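Be aware that the sequence shown starts at 156, since it is given in the numbering used here, and climbs by one per residue. Think of the CB as a built atom: it goes at the ideal place given N, C-alpha and C, for glycine as much as any other residue. Just so we're clear, the structure is a prediction, and the values are computed from it rather than from any experiment.
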Amino acid sequence: MNKYIHLIDLNDYPVSWWKLLLELAHEIREDPAAYSEACKGKIMGTLFYEPSTRTQMSFQTAMLRLGGTIIGFDNPATSSVAKGENIKDTTKIVSGYADIMVMRHPTAGSVKAAALTAECPIINAGDGGHLHPTQTLTDLMTLNEEKHTLENLTIGLCGDLKNGRTVHSLIKAMSCFKGNKFVLISTKELGLPAYMKDILAASGHGYKEVRSLDDAIGELDVLYMTRIQRERFNSEEEYMAQKGFYILDRKKMANAKRDMIVLHPLPRVDEIAIEVDDDPRAKYFDQAKYGMYIRMALILTIINHNSRPAPLVTGRTIPKAKCSNPKCITNQELYLPRYFRGSGDTVICEYCDERTLI
Ligand code: CP
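See the structure below:
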């Protein structure tokens with residue numbers, strides 16, 4: 156039985172829990188001073204194995220605004236990771252120093268791997284191309300504050316739907332609310348992975364795949380733009396073939412609804428022209444600020460033990476099975492127990508959610 160309130164995947168917790176976080180974040184935004192000593196004496200460890208501006212700094216600011224303090228690294232090259240230390244040892248040590256940890260890592264399933272042996276709660280701040288649950292909480296807060304609903308929205312997701320962990324987490328979350336429809340706008344090469352389509356199909360929500368942003372934009376309530384993620388491609392050639400395919404500009408915005416909102420987890424490269432920033436429908440900078448309030452709510456909830464921990468593993472170990480995803484943490488840190496869920500010939504890796512034939 157797991158005793159800590161880890162946040163690995165938002166869908167490990169019920170929608171009622173997300174709603175409590177959204178309510179608390181709203182209250183904090185209305186009166187931040189009332190929470191300025193709520194985490195006094197508490198320490199947060201931030202372990203960023205990958206670059207970050209918003210996630211890292213909004214988490215750090217959130218803890219500081221709650222009266223707590225922070226330790227950690229933002230470049231593994233300046234920590235003992237550079238000497239070859241594995242995830243288990245690094246996170247076990249930091250979890251002995253801190254009351255709560257936040258971790259970003261380039262490999263899918265890495266934060267769940269850390270949680271298996273951590274001695275304090277750990278929050279997933281992005282694990283490779285897999286999930287980014289606190290970005291999703293940020294997105295939910297933005298929708299709640301700006302659209303005043305999480306239901307009956309037509310949501311266009313555009314760009315790198317294959318590697319975009321923010322997209323995967325958002326689809327999983329929004330498919331828990333009734334009436335939402337999804338328009339997946341991408342090239343064939345960067346389409347949504349099969350396991351995500353399985354999740355969508357199982358949820359019963361309508362979705363369609365299109366290539367043209369021009370054709371789709373007029374029907375959307377929300378347009379979620381994403382960056383083509385150079386760091387996730389196997390070669391520069393493959394990246395260059397996709398770069399610049401989708402660019403949202405003023406001309407395209409002219410065909411959008413008057414109350415459509417544009418979100419982007421940021422950073423952007425060239426997929427939203429700077430000229431769009433002045434359009435009142437562009438909400439991506441507000442979105443980044445909502446991220447700080449929802450992370451304050453999350454830290455507070457975890458530190459105060461204000462919910463029940465979710466189980467970390469629901470499946471079983473299959474020692475001889477090897478996850479089919481080469482970017483899964485179990486294929487890099489070979490000491491990890493190989494947990495899978497489901498039965499039959501095809502099982503699901505508990506770390507990265509990819510299907511594996513056994
Ligand atoms: N949205 C997001 O994760 O941004 P950073 O990579 O800057 O943290």
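Q) Candidates V468, Y490, I449, D500: which alpha carbon is nearest W172's? A) By 1-based counting over the sequence shown, the position of residue 172 is 17. Checked all of V468, Y490, I449, D500; the closest Cα to W172 is I449.
Q | Continuous beta strand (DSSP E) stretch holding A237: start and end | A | Sequence index remark: in the sequence shown, residue 237 carries index 82 (1-based). A237: not part of any beta strand (DSSP E); DSSP gives it neither H nor E.
**Q.** M256: first and last residue of the uninterrupted beta strand (DSSP E) it sits in
**A.** Counting from 1 along the sequence shown, the entry for residue 256 is found at position 101. Its beta strand (DSSP E) spans residues 255-260.
Q) Between which two residues does the alpha helix (DSSP H) containing N166 stretch? A) Your numbering for residue 166 matches position 11 in the sequence shown. In the DSSP assignment, N166 falls outside any alpha helix (DSSP H), carrying neither H nor E.
Q: Report buried or exposed for Y506, applying the criterion of at least 16 other Cβ atoms within 10 angstroms of its Cβ.
A: Here residue 506 refers to the residue found at position 351 when the sequence shown is read from its first residue. Buried, by the Cβ-count rule.
**Q.** Buried/exposed call for I160, threshold 16 Cβ in 10 Å
**A.** Looking up residue 160 in the sequence shown gives position 5. Buried is the call here.
Q: Using the Cα positions of P492 and I473, report the straight-line distance between them to the nearest angstrom.
A: Mapped onto the sequence shown, residue 492 falls at position 337. Mapped onto the sequence shown, residue 473 falls at position 318. Rounded to the nearest whole angstrom, the CA to CA distance from P492 to I473 is 8 Å.
Q) How would you write the range of the beta strand (DSSP E) that T309 sits in, first residue to last? A) As a working note, residue 309 is residue 154 in the sequence shown. Run containing T309: 309-313, per the beta strand (DSSP E) assignment.
Q.
As a quick exercise: from C483, R496, N459, C504, pick the residue whose alpha carbon is nearest that of A193.
A. Locating residue 193 in the sequence shown gives position 38, counting from the first residue. Answer by Cα proximity: N459.
(Q) Measuring alpha carbon to alpha carbon, tell me which residue in I484, N480, A232 is nearest V502. (A) Mapped onto the sequence shown, residue 502 falls at position 347. The option with the nearest alpha carbon to V502 is N480.
**Q.** Any non-hydrogen atom of ligand 1 closer than 8 Å to S171 Cβ
**A.** By 1-based counting over the sequence shown, the position of residue 171 is 16. Outside the cutoff, so no.
Q) Just the Cα atoms here: how many angstroms apart are E300 and L489? A) Mapped onto the sequence shown, residue 300 falls at position 145. Mapped onto the sequence shown, residue 489 falls at position 334. Approximately 44 Å, taken between the alpha carbons.
**Q.** Segments assigned alpha helix (DSSP H), at least 4 residues, entirely inside the stretch 257-298
**A.** As far as the stretch 257-298 is concerned, its whole alpha helix (DSSP H) runs of at least 4 residues are 265-270.
Q) Can you tell which of G223, N318, K267 has the C-alpha that lies nearest to the C-alpha of K195? A) Start at 1 with the first residue of the sequence shown, and residue 195 comes out as number 40. Closest option to K195, Cα to Cα, is G223.
(Q) Are there any heavy atoms of ligand 1 lying less than 8 Å away from the beta-carbon of Q290, as far as the coordinates show? (A) If you number the sequence shown from 1, residue 290 lands on position 135. It does: the Cβ of Q290 is within 8 Å (strictly closer) of some heavy atom of ligand 1.
Q. Looking at R366 and ligand 1, is the gap between the Cβ and the nearest heavy atom below 8 Å?
A. Taking the sequence shown and counting its residues from 1, the one referred to as residue 366 is at position 211. Incorrect: R366 has no Cβ contact closer than 8 Å to ligand 1.
Q: Look up G373 in the DSSP assignment and say whether it is helix, strand or coil.
A: Within the sequence shown, numbered from 1, the residue matching residue 373 stands at position 218. In the three-state reduction of the DSSP assignment, G373 falls in the helix class.
Q: In the DSSP assignment, find the unbroken alpha helix (DSSP H) run with R320 in it and report its ends.
A: As a position in the sequence shown, residue 320 is number 165, starting the count at 1. Note, R320: alpha helix (DSSP H), 320-329.
Q) Does the beta-carbon of Y439 have 16 or more other beta-carbons within 10 angstroms, so that it is buried, or is it exposed? A) Along the sequence shown, read from residue 1 onward, the residue named residue 439 stands at position 284. Around the beta carbon of Y439, 16 or more other beta carbons sit within 10 angstroms, so the residue counts as buried.
Q) Would you call the stretch 198-212 and the stretch 321-340 in contact, with 3 or more CB pairs under 8 Å? A) The stretch 198-212 and the stretch 321-340 do not touch, with fewer than 3 CB-CB distances between them shorter than 8 Å.
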